[in-house]
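Protein chains in written order, with the numbering used here: chain A, 1 to 88; chain B, 1001 to 1227. Here is the structure we will look at, set down as structure tokens.
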Amino acid sequence: MLDVEAQEPPKGKWSTPPFDPRFPSQNQIRNCYQNFLNYHRCLKTRTRRGKSTQPCEYYFRVYHSLCPISWVESWNEQIKNGIFAGKI
Amino acid sequence: MAHATQVGLQDATSPIMEELIIFHDHALMIIFLICFLVLYALFLTLTTKLTNTSISDAQEMETVWTILPAIILVLIALPSLRILYMTDEVNDPSFTIKSIGHQWYWTYEYTDYGGLIFNSYMLPPLFLEPGDLRLLDVDNRVVLPVEAPVRMMITSQDVLHSWAVPTLGLKTDAIPGRLNQTTFTATRPGVYYGQCSEICGANHSFMPIVLELIPLKIFEMGPVFTL
């Protein structure tokens, strides 16, 4: 859905999620989860309004970098089955 | 890695570890001085032929041996707190890697771009090549760039583990349900070893960590697979 090649920056300019002052502590689980929720909420709101979902890619990149993929896969499975506990 | 019979810390590969080594030397020197002083006083007490049955007041000495330890403790605490706050500094990392502990191997995820996910098992003794390190070498090393702040996100899929690399001054617990973050900046290329540092079952001693730090230009060329 999101083209990984298009997101790659030019060589020499690596980027990764920046320091988020909302989550200053060692346990970053909330950072990962919050960005996951924000991504899905952004997608839902923007598709409902018929707008482009390109701005939501930031949240995707952040949670994709921070969250273990197994967690993301299980959350996506829950969303697909309608049993996800978070509010989207 | 540590050589056989090594007692001291390994050489530093990150600025924080350099500070920790300096602090360790400072604190150890104070400890040696105190131990020597106490042993010397004990020796004198045990070997003297003098006797004394009438001392009842030693106000000045008691004041000195209360104030002096307080000063020594402050001299230890100040550098210690300085380093503690240094490890907590905000630094914008250039790279994020996830490390997930399992029984009994590590999974590494490089997901800043695309998704490179692989497992890192210890090489069994039968699979060792000449020159490989027993109980330390792994099949897939964690390859990272030098001189770039790297953010490690560490968690576990099952029980407690701990991701430790002594030469970088790193030890972070891998706790299921928690995503611990640690950052480091390596100052020189090389291959660095660590071992799981939280008891996690039968093969706790057999799930090592190997970091391969390479120059950024070579790292940017992308993964190179050799057979």
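C-beta atoms are modelled at their ideal positions from N, C-alpha and C, and glycine is treated no differently.
Segments assigned alpha helix (DSSP H), at least 4 residues, entirely inside the segment 1053-1101 of chain B: 1059-1087
Within chain A, partners of Asn-1180 of chain B - CB distance below 8 Å: Position 180 of the second sequence, counted from the start, is the residue given in the question as residue 1180 of chain B. The answer, in chain order, is Gln-26, Asn-27 and Gln-28.
Inter-residue spacing [alpha-carbon to alpha-carbon] between Ser-1056 of chain B and His-1026 of chain B: As a working note, residue 1056 of chain B is residue 56 in the second sequence. As a working note, residue 1026 of chain B is residue 26 in the second sequence. Taking the straight line from one Cα to the other gives about 37 Å.
When B:Thr-1096, B:Asp-1139, B:Val-1074 and B:Tyr-1108 are compared against Phe-1184 of chain B, the one with the closest alpha-carbon: As a first step, residue 1184 of chain B is located in the second sequence; it is residue number 184 there, counting from the start. That would be B:Thr-1096, whose Cα lies nearest to the Cα of Phe-1184 of chain B.
Residue from B:Met-1086, B:Pro-1208 and B:Phe-1206 with nearest C-alpha to Met-1017 of chain B: By one-based count along the second sequence, residue 1017 of chain B stands at place 17. Nearest of B:Met-1086, B:Pro-1208 and B:Phe-1206 to Met-1017 of chain B, Cα basis: B:Met-1086.
Within chain A, partners of Asp-1092 of chain B - CB distance below 9 Å: To locate residue 1092 of chain B, count along the second sequence from 1; it is residue 92. Those are Thr-16, Pro-18 and Phe-19, listed as they occur along chain A.
For Glu-1019 of chain B and Asp-1139 of chain B, the rounded distance between their alpha carbons: Within the second sequence, the letter at position 139 stands for residue 1139 of chain B. Within the second sequence, the letter at position 19 stands for residue 1019 of chain B. Cα-Cα distance, rounded: 32 Å.
Pair within 8 Å by beta-carbon distance, Leu-1116 of chain B and Leu-1211 of chain B: What you label residue 1116 of chain B is simply residue 116 of the second sequence in a count that begins at 1. What you label residue 1211 of chain B is simply residue 211 of the second sequence in a count that begins at 1. No, the pair does not count as a contact, with Cβ atoms beyond the cut-off.
Run of the alpha helix (DSSP H) containing Glu-57 of chain A, from where it starts to where it stops: Translated into positions along the first sequence, residue 57 of chain A becomes position 57. Taken as a continuous stretch (DSSP letters only), the alpha helix (DSSP H) holding Glu-57 of chain A covers 57-66.
Cβ contact check for the segment 1158-1172 of chain B and the segment 1190-1198 of chain B: 3 or more pairs under 8 Å: yes
Assumed close pair Val-1146 of chain B, Leu-1213 of chain B - CB separation to whole angstroms, cut-off 8 Å: Counted from its first residue, the second sequence places residue 1146 of chain B at position 146. Counted from its first residue, the second sequence places residue 1213 of chain B at position 213. Right, their Cβ atoms sit about 5 Å apart.
Close-in-space but distant-in-sequence residues of the same chain around Tyr-1110 of chain B (CB under 7 Å, 5 per side omitted): Position 110 of the second sequence, counted from the first residue, corresponds to residue 1110 of chain B. Correct list, in chain order: Ile-1097 and Leu-1116.
CB-CB length for Gln-1157 of chain B against Ile-1209 of chain B, believed under 8 Å: Counted from its first residue, the second sequence places residue 1157 of chain B at position 157. Counted from its first residue, the second sequence places residue 1209 of chain B at position 209. Their Cβ separation, rounded to whole angstroms, is 16 Å, which puts Gln-1157 of chain B and Ile-1209 of chain B out of contact at 8 Å.
Status (buried if at least 16 other CB within 10 Å, exposed otherwise) for Trp-1065 of chain B: The residue labelled residue 1065 of chain B in the question sits at position 65 within the second sequence. The residue in question, Trp-1065 of chain B, is exposed, as its Cβ has fewer than 16 Cβ neighbours within 10 Å.
Residue interval of the beta strand (DSSP E) (run including Asn-1180 of chain B): Counted from its first residue, the second sequence places residue 1180 of chain B at position 180. 1180-1184 is the extent of the beta strand (DSSP E) around Asn-1180 of chain B.
Buried versus exposed call for Val-62 of chain A [16 or more other C-beta atoms within 10 Å across all chains shown]: Counted from its first residue, the first sequence places residue 62 of chain A at position 62. That one is buried.
Chain A contact residues for Glu-1147 of chain B, given Cβ-Cβ distances below 7 Å: Walking along the second sequence from the start, residue 1147 of chain B turns up at place 147. Within 7 Å Cβ-Cβ: nothing; Glu-1147 of chain B doesn't reach chain A, min ~12 Å.
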